[in-house]
Amino acid sequence: MSGSEEQLYITSTQIRDYLFCPNILYNKYVMNIKEPVTMMMINGKERFEEFRRKGRRRLTLLGERRIKPDKILYAEEVYSRELDVYGVIDIIYWIGKKAYIVEIKDSDLNKAPPDHLYQAVAYALMAEETFNTLVFGVKIYYSISGRWVEKRITREMRRYTKEIIREIKRIFRGEYIPEPRLIGKCRSCWYRNICFPGRYGVKQREEKGRHKVLKKT
Ligand code: SF4
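Each residue of the sequence shown is one higher than the one before, starting from -2 at the first, in our numbering.
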């Protein structure tokens, strides 16, 4: 897929961002306000790449699950021209005519939050069109906790994923601006001072003060 063609597509990362919070999507891609890259992000990415390299070398990631695929592909580009979405899947494998998506997350989670689950379903929809195949299920592997989350893809999951993609397009077309809603995630979100100016200022000042005291001793 050429660079210019890619521009027309919504990416799987944007789908995940929207599901985490529509305001993150809006701030990042409409307002172009990007969170600075932290050492934590760099380390996480390196761990993930290392894990993926090992997985590719050994071809045994699925061995732990006693799964013996007939065919397996790693880091494949997938897209849906029908939905205008694009991404790179970690693993797709087939048993007979049924395909499965494996998504690897560098995380210690035990359960899949909606942003992880529906990102994986979006990959499934893309893979179906790219490979002209039927994707039966998604599997999310959390590399730190070692947990697998497995889901069969239902009709309702497909419908909801398409609805999300439509909503993202509406935001990108400027049809509406998502209203920030104060939720639990806001406390640790880098965008909190943009969504709720002033609200978290006092806490940040307090933290700054505490760091100063710690430095003195
Ligand atoms: S601060 Fe809250 S509402 Fe704003 S982007 Fe972050 S999670 Fe979303």
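Every residue gets a Cβ at the ideal spot worked out from N, C-alpha and C, and that includes glycine.
Ignoring anything shorter than 3 residues or poking outside the region 88 to 130, list the beta strand (DSSP E) runs there in chain order.
-> DSSP runs (the beta strand (DSSP E)) wholly in the region 88 to 130: 95 to 102.
Alpha carbon of Gln201 to alpha carbon of Ala124, nearest angstrom | Sequence index remark: in the sequence shown, residue 201 carries index 204 (1-based). Sequence index remark: in the sequence shown, residue 124 carries index 127 (1-based). Caution is warranted here: a pLDDT of 44 is assigned to Gln201, below 50, making its placement in the model unreliable, and no coordinate value can be reported.
Once you ignore the five residues that flank Gly93 on each side, which residues in its own chain have a CB closer than 8 Å to its CB?
-> Numbered from its first residue, the sequence shown carries residue 93 at position 96. Around Gly93: Asp67.
Counted within 10 angstroms of its Cβ, other Cβ atoms place Pro19 as buried (16 or more) or exposed | Along the sequence shown, read from residue 1 onward, the residue named residue 19 stands at position 22. Buried, by the Cβ-count rule.
Should the region 184 to 197 be called in touch with the region 144 to 163, which here means at least 3 C-beta pairs below 8 Å?
-> Between the region 184 to 197 and the region 144 to 163, the count of Cβ pairs shorter than 8 Å is below three; the stretches do not touch.
Per DSSP, what kind of secondary structure is Glu79 in: helix, strand or coil?
-> On the sequence shown, residue 79 is found 82 positions in, with the first residue counted as 1. In this structure, DSSP gives Glu79 a state outside helix and strand, which the three-state scheme calls coil.
Indicate the three-state DSSP secondary structure (helix, strand or coil) for Arg55 in the structure shown.
-> The count along the sequence shown starts at 1 and reaches residue 55 at position 58. Legend: pLDDT at Arg55 = 48, less than 50; position of this residue unreliable, value from coordinates given subsequently. Helix.
Alpha-carbon to alpha-carbon, Met154 and Pro111 = Looking up residue 111 in the sequence shown gives position 114. Looking up residue 154 in the sequence shown gives position 157. Using only the alpha carbons, I get a separation of about 11 Å.
Have a look at Pro175, Gly195 and Cys183 and flag the residue whose alpha-carbon is nearest the alpha-carbon of Met28.
-> Here the question's residue 28 lines up with position 31 in the sequence shown. Nearest option by C-alpha distance: Pro175.
Apart from the five residues on each side of it in sequence, which residues of its chain come closer than 7 Å, Cβ to Cβ, to Lys95?
-> Your numbering for residue 95 matches position 98 in the sequence shown. Excluding five sequence positions before and after Lys95, the CB atoms of its chain that fall closer than 7 Å to its own CB belong to Leu131 and Phe133, given in chain order.
In terms of alpha-carbon separation, which member of Lys159, Glu172, Tyr90 and Tyr6 lies closest to Val99?
-> Numbered from its first residue, the sequence shown carries residue 99 at position 102. For the residues Lys159, Glu172, Tyr90 and Tyr6, the minimum Cα distance to Val99 belongs to Tyr90.
Does ligand 1 have even one heavy atom less than 6 Å from the beta-carbon of Tyr188?
-> On the sequence shown, residue 188 is found 191 positions in, with the first residue counted as 1. For Tyr188, the CB falls within less than 6 Å of some heavy atom of ligand 1.
Please classify Phe133: does DSSP put it in a helix, a strand, or coil?
-> In the sequence shown, residue 133 corresponds to position 136, counting from 1. In the structure shown, Phe133 falls within a strand segment according to DSSP collapsed to helix, strand and coil.
Starting from Lys148, follow the beta strand (DSSP E) in both directions and report where the run begins and ends.
-> Numbered from its first residue, the sequence shown carries residue 148 at position 151. Per DSSP, Lys148 belongs to the beta strand (DSSP E) from Arg144 to Arg149.
Along the alpha helix (DSSP H) that carries Asn29, what are the first and last residues, could you check?
-> In the sequence shown, residue 29 corresponds to position 32, counting from 1. Asn29 -> no alpha helix (DSSP H), and no H or E assigned at all.
Residues in its own chain within less than 6 Å of Tyr218 by CB, not counting five upstream and five downstream?
-> One cannot answer for residue 218 here, as it falls past the ends of the chain, which runs -2 to 214.
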